[in-house]
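Each residue of the sequence shown is one higher than the last, beginning at 70 in the numbering used here.
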Amino acid sequence: MSLTIDKITFKVKKGIFNIFPQLCKGCGLCKEKCPHGVLDWSDELGLYGTPTVEPIYSEECTACKMCENSCPDCAIKIERKKKEKKEKDK
Ligand code: SF4
Ligand code: SF4
70 MSLTIDKITF KVKKGIFNIF PQLCKGCGLC KEKCPHGVLD WSDELGLYGT PTVEPIYSEE
130 CTACKMCENS CPDCAIKIER KKKEKKEKDK
């Protein structure tokens, strides 16, 4: 038997913001640490029936991973957009 952990995915300016509600305890640390005030409480409930977070100001998200790194429960995963390679001058 395998355990499946569902994630909710949001497109943000510089990448993808994933949250795993089953891991989120609603501590709010990620919200406090985000340097751009991107995150706010969500209607989606987490592990203890507390709100999870979502990137409401997604256009401000720089995919810096501060929220991911500050979450004590690994409930956030940021995927950065890959930079397009510039063609070198010939
Ligand atoms: S990746 Fe950075 S800017 Fe985006 S929500 Fe997380 S802390 Fe905020
Ligand atoms: S830091 Fe992690 S556990 Fe705390 S509210 Fe944010 S996502 Fe949930």
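Just so you know, even glycine gets a beta-carbon here, dropped at the ideal spot from N, CA and C.
Bridge-paired residues (DSSP) for residue i
i      : result
GLU137 : Looking at the DSSP assignment, GLU137 forms no beta bridge with any residue, so it has no partner.
LYS146 : ASN87
Beta-carbon separation (whole angstroms), residue i vs residue j, contact threshold 8 Å
i      : j     : result
CYS143 : LEU92 : 6 Å
Distance CB(residue i)-CB(residue j) smaller than 8 Å
i      : j      : result
PRO225 : PHE79  : Limits of the chain in this structure are 70 at one end and 159 at the other, which puts residue 225 out of reach.
GLU128 : LYS100 : no
ILE77  : GLU113 : yes
CYS140 : PHE86  : no
MET135 : LYS94  : no
- Considering only residues of the region 77-133, which uninterrupted alpha helix (DSSP H) runs meet the minimum length of 4 residues and lie entirely inside it, listed in chain order? 98-102
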